[in-house]
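J.: In order, the protein sequence lines correspond to chains A and B.
Take the first sequence: its position 342, counting from 1, is numbered 629 in the numbering used here, and each next residue is one higher.
Take the second sequence: its position 347, counting from 1, is numbered 634 in the numbering used here, and each next residue is one higher.
Here you go, one structure.
2 protein chains.
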Amino acid sequence: MQHTITFTHEDKQSTAIVPTGAMLSDAAHLAGLDIGQPCGGQGRCGRCAVQVTDGNVRRRSTLRLSPDDIEQGYALACQTVVEGDVAIHVPPQEKIERRLTTDRVVAEVTVPADYEYLQDQTVRRVHLRLSPPTMEDQTDDWSRLQTGLRLQANVNKVNVSLALLQTIGDVLRAGEWDVTAVLEYPLEHLEQPLRLVSLQPHHVDEYSPLWGCAIDIGTTTVSVWLVDLVSGGVRAQVAEYNGQIARGEDVISRIMYASKKGGGQELRQRVLDTINELLETACKRVKAKPEDVVKATIAGNSTMIHLLLGIPASNIRLSPFITAVNHPPLMTAREVGINAHPEASVDCLPGVASYVGADITAGVLSSGLDTAENVTLFLDVGTNGETVLGNRDWLVTCACSAGPAFEGAGVVNGMRATTGAIEEVWINSETFEPTYRVIGAGKPKGICGSGLISLLSEAFITGIIDKAGNVNLMASSSRVREGAHGGEYVVAWGEESESGADIVLSRVDVDNLLRAKAAIYAGFTVLADTVGVPLETMDKVLIGGSFGKYINIEKAVQIGLLPDMDWSRFEFLGNTAVKGAYYALLDWKKRERITEIAKRMTYIELSADNSFYEAFTSALFLPHTDMSKFPSVAVALSSKVKGRRSNVGMTE
Amino acid sequence: MQHTITFTHEDKQSTAIVPTGAMLSDAAHLAGLDIGQPCGGQGRCGRCAVQVTDGNVRRRSTLRLSPDDIEQGYALACQTVVEGDVAIHVPPQEKIERRLTTDRVVAEVTVPADYEYLQDQTVRRVHLRLSPPTMEDQTDDWSRLQTGLRLQANVNKVNVSLALLQTIGDVLRAGEWDVTAVLEYPLEHLEQPLRLVSLQPHHVDEYSPLWGCAIDIGTTTVSVWLVDLVSGGVRAQVAEYNGQIARGEDVISRIMYASKKGGGQELRQRVLDTINELLETACKRVKAKPEDVVKATIAGNSTMIHLLLGIPASNIRLSPFITAVNHPPLMTAREVGINAHPEASVDCLPGVASYVGADITAGVLSSGLDTAENVTLFLDVGTNGETVLGNRDWLVTCACSAGPAFEGAGVVNGMRATTGAIEEVWINSETFEPTYRVIGAGKPKGICGSGLISLLSEAFITGIIDKAGNVNLMASSSRVREGAHGGEYVVAWGEESESGADIVLSRVDVDNLLRAKAAIYAGFTVLADTVGVPLETMDKVLIGGSFGKYINIEKAVQIGLLPDMDWSRFEFLGNTAVKGAYYALLDWKKRERITEIAKRMTYIELSADNSFYEAFTSALFLPHTDMSKFPSVAVALSSKVKGRRSNVGMTE
């Protein structure tokens, strides 16, 4: 039986006709409405709540709805079944700000000192001058081109796709037998046969750019660097939210969504759209066309790579956590769906395991961990917390699900590190009044990852929240109050903020942040214990992840995210994954090194490890249950407390 | 400006809205009418004539229309431009009989005596029993499969497409880690890496069939043999008209049509439809599915291969007659568009030149010419007449356009060698009354190639037509008469025929047949002259082409198609092209031999050769201007004439 579902959203009406049993979310999709599903449609996040104003529905789950919500007709679109004609009011949706987060993505990159295009590149451009066919020389076009390559470019064997073969006759004649070919060596570099990537009907200056791109697909953010393969220089850097976010904020939600009918295809298309938009933007900046891009290297966690390639990812989520492929074969842009030159090679870098992907192997390369003399810790702080410990002789790794809190997601007033984000907070220990810095210096819109760490640390040190994360409602400040989700602290009043609403840190946010930092901390402590290397003996702590570059070490130590050690031993490296992809794009020997890294890394499965759970629960406090691990924090706390007491004494 | 074109055809009306300047043929296409264009839309054949019953049109060419035709409103759909609203009557179209011409395609094939599946095949099936993943062994699926192949099948390196990679996780689990893989070796056979063609979730019995197919794409007919690669046996043979015929009967017309907008794509789809229908029919016979076919080899002339692959063929037609590719790379069924297993390899066999294609190299292989001790002549009698002369030491080749007359096309009552075709004719030299044999023994529908040769020869020997092909209207028989196209001879009266209309041999038909046989005869004589080997010294004359098998040598010599030599030296081999493709499918060493043959053959370009034109014009007579080349025909003629004279004497 068919039913009419009428949606009202921002004064507009739209309808869909669906059969009994259809999901409201599917009906909305049919009606052209895009209702975000941050948890991937599992009914866990409650963000897809809509209001049923007429007609009856069946709620499969009301986990995220209060009795009051249900009374008012609220229902989760992803969990509600249509049983008749219904009218639905769709409240204003939490908008994911779809703008390029370029404010902070520009990493300083210098071309490796020893880069030599003709030696290091797998892609090569050659100019050929062929003799035209005559009645005396009726050689076919493809053989003529091959002979030219053999005699003029020393290429003995070359492969070609049918699609390219369909065009060569016209190109050769359009160029009057004076053409430029782009060839790709296989990864083993000097081994034949090569592959013809493109043929252009004219002579291209040998120093003019030959475009490639390095891509990092983060669960939250996708970064693209456009690179001139001849000079090695990065010519444009762009980044954007991963378009999949609307269908799940973490990898598990994405995998769940992908296993629904059509879900995998939708997620694949969403990330391709993001990549293709970024590529277009980057190319525009240098007045190139996406079709000019002849090579791409891609880093990303294993789930992101599976979803990009349309490979089922469900076994990544289920014990024993198996990927379909860790070392994807070399593909073409046509196969993958990237709008570069259709014959451009797409090299998805190798990963290690379900939760230690190519973003980490690329990060290990670009951080130099695999060649370090002394034992070094590498942390990638993103939606997933991956840790690698080792040196040039050995590498061990583990992963834990940190959640997207440090990326500003899953937090009431969280946002990406873009214009309007509060990126640092100081709280007066007497008045509890905050001072904050906003990216772009305008009115605040929310709080980004570094701001959250800063805020959590300040709130803890000043006693606004306690060791366990409880908000101290007894504090004598109007900024501390009971909110919708328990105790909360107001960072910015409505009159100061962009939206006019208060910007707060709630109890729920604190819990999310605690879980995130505890997961990361537990990860590297268990790893260090496993190999018997005490944390304090580590030479360096290298921190990757785009947000890492901007966090305040002191604050990160104070909340117990980073170990308490001399600050000079920390190094913040920014997006190590895209940088590793860039190195792999430029230099086949570095690309081979990533394969070596992937082979060398020993993966420790934490879910099979009881000690992880113990370490995690011990770390769910500020900074930790065991204060002896955080001596500098103990000092800071006691001096603040002393200071406050003496102040108190003075005012009394 | 838009105009409404109304078509009436077989009491049905359909309309199309087209702009000023549109072609009537395009308008008909839009209206869903399929008007045949045997000359490829060049206005040469006159078969697409339609009647304009209302409104005005502009005729670009009226070459094939009489003033009377134009008076009655006739216009060629392919040459007529729309200038306003028009009403069109589409007369009954000459139907190409779309039925499987299986009556005669079954060639006797025996598996080569030395065929050994495991040694000769490039395709191999292996059964793998893998250990399932555990928390202790989290190897990714693709690596697990590769390890299985290495340890259980001795395969060190294997490539996989993205499309197949997307499925392996599910297949491995569906098969509970007990799977069957089909692999393909590269042509160099023992060289790594192999390619994964398919993965099946169960154990397949090693003697059960593994399907491959050999395909010959003729200009007129497409043949498909379905082969069990394990036993080597041919399990089904099917053939069908090439669906491109409706858009041109010879390769030149096809190339012309292909160079129109969308024409190449249409021709490509038409031949793919033919191949896919044939594959489906063949598979049904053996209760297999087209997706079970894991390998295909394809023979065909260069134009057919270009059109199949969507490669522009226009330079084949224009001096200096250049193909885009003679040795196409190995492709997959997915790329080519054949509905076999999408990963099945499609091997388009190598050709030599624009007019000596893979049908000839495959034919040389299957005829054994390339290993012959003595000088041998190989003729492929089809729409094109290709000739190869040589032995195991040398091979020379040339081509001439014979036209489709011997395939029953371009002849008023011509038809394919299928049920209802008159395949042999005898004419009483006194009464001029014919006796004929019909395939299937029913009522005659038309005359096939062997019937035409037989008829032409009998008509010549009995004096119904003279040396130059003129019909002797003075002959005392009602069967000899003035027809629409000049003098004609009635082979079957309307009351005997299937359609009720007379079946005739017209003056136009005779001319077409004369040109066809003259082209072929001139081809091999020029070739023999070029290398200085007199025709009479040839050890054997091998005749390929599906029609060749059924022609009567005596008759073929009498019309001057074949040289006048001892009949024992002729061998009719049937479709040597599909047989060569079959050998190449079965045995990689034979496949390599075809590459060698293509390399060894020296191509003689006849269009650059004045002696060809001379030889051609000399051969435009029955049997030839130089009767000394046909001593046996001279004897036959004189005995017939004597016989008739003595008869005449007796009745006088």
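Note that beta-carbon positions come from the ideal geometry of N, C-alpha and C, so glycine has one too.
Predicted model only: the values in this text are computed from it and were never measured.
Are any of the Cβ atoms in chain A nearer than 7 Å to that of Met-422(B)?
T.: For this step, residue 422(B) is matched to residue 135 along the second sequence. With 7 Å as the cut-off, Met-422(B) counts as an interface residue toward chain A.
J.: Kindly say whether Thr-648(A), judged by its beta-carbon, lies nearer than 7 Å to any beta-carbon of chain B.
T.: By one-based count along the first sequence, residue 648(A) stands at place 361. No, no contact with chain B.
J.: Could you check the C-alpha separation between Thr-718(B) and Asn-757(B) for me, to the nearest Å?
T.: If you number the second sequence from 1, residue 718(B) lands on position 431. If you number the second sequence from 1, residue 757(B) lands on position 470. If you take the alpha carbons of Thr-718(B) and Asn-757(B), they lie about 19 Å apart.
J.: Going along chain B in order, which residues have a C-beta closer than 8 Å to the C-beta of Met-618(A)?
T.: Working through the first sequence from its first residue, we reach residue 618(A) at position 331. In chain order: Leu-449.
J.: Assign His-296(B) to buried or exposed, taking buried as 16 or more other Cβ atoms, counted over all protein chains shown, within 10 Å of its Cβ.
T.: Along the second sequence, read from residue 1 onward, the residue named residue 296(B) stands at position 9. His-296(B) should be labelled buried.
J.: At the 7 Å Cβ level, is Ala-631(A) part of the contact set with chain B, yes or no?
T.: As a position in the first sequence, residue 631(A) is number 344, starting the count at 1. It does not: the Cβ of Ala-631(A) has no partner Cβ on chain B nearer than 7 Å.
J.: Can you give, in chain order, each stretch of the beta strand (DSSP E) that sits fully within the region 352 to 430 of chain A and has at least 3 residues?
T.: The qualifying runs are 361 to 363, 367 to 369, 373 to 376 and 410 to 416.
J.: Over what stretch of residues does the beta strand (DSSP E) that includes Ile-709(A) continue unbroken?
T.: Numbered from its first residue, the first sequence carries residue 709(A) at position 422. Here the beta strand (DSSP E) through Ile-709(A) covers 708 to 714.
J.: Quick one: grab the DSSP three-state call for Asp-560(A).
T.: Within the first sequence, residue 560(A) is the residue found at index 273, counting from 1. Of the three classes helix, strand and coil, the one that applies to Asp-560(A) here is helix, per DSSP.
J.: Is it right to say Met-761(A) is buried, meaning 16 or more other beta carbons lie within 10 angstroms of its own, or is it exposed?
T.: To locate residue 761(A), count along the first sequence from 1; it is residue 474. Met-761(A) is exposed by the Cβ-count criterion.
J.: Nearest by alpha-carbon distance to Lys-730(A): which of Glu-785(A), Ser-763(A), Ile-304(A) and Ala-921(A) is it?
T.: Looking up residue 730(A) in the first sequence gives position 443. Nearest of Glu-785(A), Ser-763(A), Ile-304(A) and Ala-921(A) to Lys-730(A), Cα basis: Glu-785(A).
J.: Grouping DSSP H, G and I as helix and E and B as strand, with all else coil, what is Ala-645(B)?
T.: Counted from its first residue, the second sequence places residue 645(B) at position 358. Ala-645(B): helix per DSSP, three-state reduction.
J.: Can at least three beta-carbon pairs, one atom from the region 398 to 418 of chain B and one from the region 427 to 435 of chain B, be found at a separation below 8 Å?
T.: Yes, the region 398 to 418 of chain B is in contact with the region 427 to 435 of chain B.
J.: Tell me the rounded alpha-carbon separation between Gln-329(A) and Gly-520(A).
T.: By one-based count along the first sequence, residue 329(A) stands at place 42. By one-based count along the first sequence, residue 520(A) stands at place 233. Rounded to whole angstroms, Gln-329(A) to Gly-520(A) spans 44 Å at the Cα level.
J.: Strictly below 8 Å CB to CB, what residues from chain A border Asn-446(B)?
T.: In the second sequence, counting from the first residue as 1, residue 446(B) sits at position 159. The answer, in chain order, is Pro-616.
J.: Where does Arg-572(A) land, buried or exposed, given buried means 16+ other C-beta within 10 angstroms?
T.: Here residue 572(A) corresponds to residue number 285 of the first sequence, with the count starting at 1. Per the 10 Å Cβ criterion, exposed.
J.: So that I know if they touch, is there some Cβ in chain A lying closer than 7 Å to that of Ile-598(B)?
T.: Here residue 598(B) is taken as the residue at index 311 of the second sequence, counted from 1. Chain A, which has a Cβ nearer than 7 Å to the Cβ of Ile-598(B), makes this yes.
J.: Can you list, in chain order, the residues of its chain whose CB lies under 8 Å from that of Ala-708(B), leaving out five sequence neighbours each side?
T.: Counted from its first residue, the second sequence places residue 708(B) at position 421. Hits under 8 Å: Gly-695, Met-702, Val-725, Ile-726, Pro-731, Lys-732, Gly-733, Ile-734, Cys-735 and Gly-738.
J.: Cβ closer than 9 Å: which chain A residues qualify as neighbours of Ile-609(B)?
T.: As a first step, residue 609(B) must be located in the second sequence, where it is residue number 322. Within chain A, the residues near Ile-609(B) are Pro-420, Gln-425, Thr-426, Asp-427, Asp-428, Arg-431 and Gly-456.
J.: Between Cys-500(A) and Thr-409(A), what straight-line distance do the alpha-carbon atoms span, to the nearest angstrom?
T.: Counted from its first residue, the first sequence places residue 500(A) at position 213. Counted from its first residue, the first sequence places residue 409(A) at position 122. About 13 Å.
J.: Give a yes or no on whether 7 Å exceeds the smallest Cβ distance from Asn-671(A) to chain B.
T.: One-based indexing of the first sequence puts residue 671(A) at position 384. It does not: the Cβ of Asn-671(A) has no partner Cβ on chain B nearer than 7 Å.
J.: Looking at the unbroken beta strand (DSSP E) that takes in Val-767(A), where does it start and where does it end?
T.: The sequence position of residue 767(A) within the first sequence is 480, counting from 1. Val-767(A) -> beta strand (DSSP E) spans 767 to 770.
J.: Could you pull out every residue in the same chain whose Cβ sits closer than 6 Å to the Cβ of Ala-303(A), ignoring the five residues on either side in sequence?
T.: To locate residue 303(A), count along the first sequence from 1; it is residue 16. Cβ within range, chain order: Ile-292, Ala-314, Leu-317 and Ala-318.
J.: Less than 7 Å between the C-beta atoms of Thr-674(B) and Ser-641(B), yes or no?
T.: Here residue 674(B) is taken as the residue at index 387 of the second sequence, counted from 1. Here residue 641(B) is taken as the residue at index 354 of the second sequence, counted from 1. Their beta carbons are not under 7 Å apart, which means Thr-674(B) does not touch Ser-641(B) by this criterion.
J.: Do you know whose CA, among Gly-650(B), Thr-508(B) and Asp-503(B), lies nearest Ala-583(B)'s CA?
T.: If you number the second sequence from 1, residue 583(B) lands on position 296. Of Gly-650(B), Thr-508(B) and Asp-503(B), the residue nearest in Cα terms is Asp-503(B).
J.: May I have the straight-line CA-CA distance separating Ala-923(A) from Ile-748(A), to the nearest angstrom?
T.: Stepping through the first sequence from its first residue, residue 923(A) is reached at position 636. Stepping through the first sequence from its first residue, residue 748(A) is reached at position 461. Taking the straight line joining both Cα atoms gives about 8 Å.
J.: In the region 574 to 602 of chain B, which residues sit with their C-beta less than 7 Å from some C-beta in chain A, listed in chain order?
T.: Correct list: Leu-596, Gly-597, Ile-598, Pro-599 and Asn-602.
J.: Are the Cβ atoms of Glu-527(A) and Leu-565(A) separated by less than 7 Å?
T.: One-based indexing of the first sequence puts residue 527(A) at position 240. One-based indexing of the first sequence puts residue 565(A) at position 278. Their beta carbons are under 7 Å apart, which means Glu-527(A) touches Leu-565(A) by this criterion.
J.: Determine, using beta carbons only, whether Ile-647(B) and Asp-634(B) come nearer to each other than 7 Å.
T.: Translated into positions along the second sequence, residue 647(B) becomes position 360. Translated into positions along the second sequence, residue 634(B) becomes position 347. No, the pair does not count as a contact, with Cβ atoms beyond the cut-off.
J.: Beta-carbon of Val-466(A) versus every beta-carbon of chain B: anything under 7 Å?
T.: Locating residue 466(A) in the first sequence gives position 179, counting from the first residue. No - not a single Cβ of chain B is within 7 Å of the one on Val-466(A).
J.: Check this for me: beta carbons of Asn-613(A) and Pro-577(A), under 7 Å apart or not?
T.: Here residue 613(A) refers to the residue found at position 326 when the first sequence is read from its first residue. Here residue 577(A) refers to the residue found at position 290 when the first sequence is read from its first residue. Cβ atoms of Asn-613(A) and Pro-577(A): not closer than 7 Å.
J.: With Gly-699(B) and Ser-741(B) assumed to form a contact (beta carbons below 8 Å), what rounded beta-carbon distance in angstroms separates them?
T.: Translated into the one-based positions of the second sequence, residue 699(B) becomes position 412. Translated into the one-based positions of the second sequence, residue 741(B) becomes position 454. Reading off the sequence, residue 699(B) comes out as Val, not Gly. The Cβ separation is near 17 Å, so there is no contact.
J.: Are the C-beta of Asn-563(B) and some C-beta of chain A separated by less than 7 Å?
T.: Stepping through the second sequence from its first residue, residue 563(B) is reached at position 276. Taking Cβ atoms only, chain A never reaches closer than 7 Å to Asn-563(B), which makes this a no.
J.: According to DSSP, is Val-820(B) part of a helix, a strand, or is it coil?
T.: Against the second sequence, residue 820(B) aligns to sequence position 533. Correct three-state label for Val-820(B): coil.
J.: Counting C-beta neighbours from all protein chains within 10 Å, is the total for Leu-405(A) 16 or more, i.e. buried, or is it exposed?
T.: Here residue 405(A) corresponds to residue number 118 of the first sequence, with the count starting at 1. With fewer than 16 other Cβ atoms within 10 Å, it is exposed.
J.: Are the C-beta of Ser-495(A) and some C-beta of chain B separated by less than 7 Å?
T.: Locating residue 495(A) in the first sequence gives position 208, counting from the first residue. No, Ser-495(A) does not count as interfacial toward chain B.
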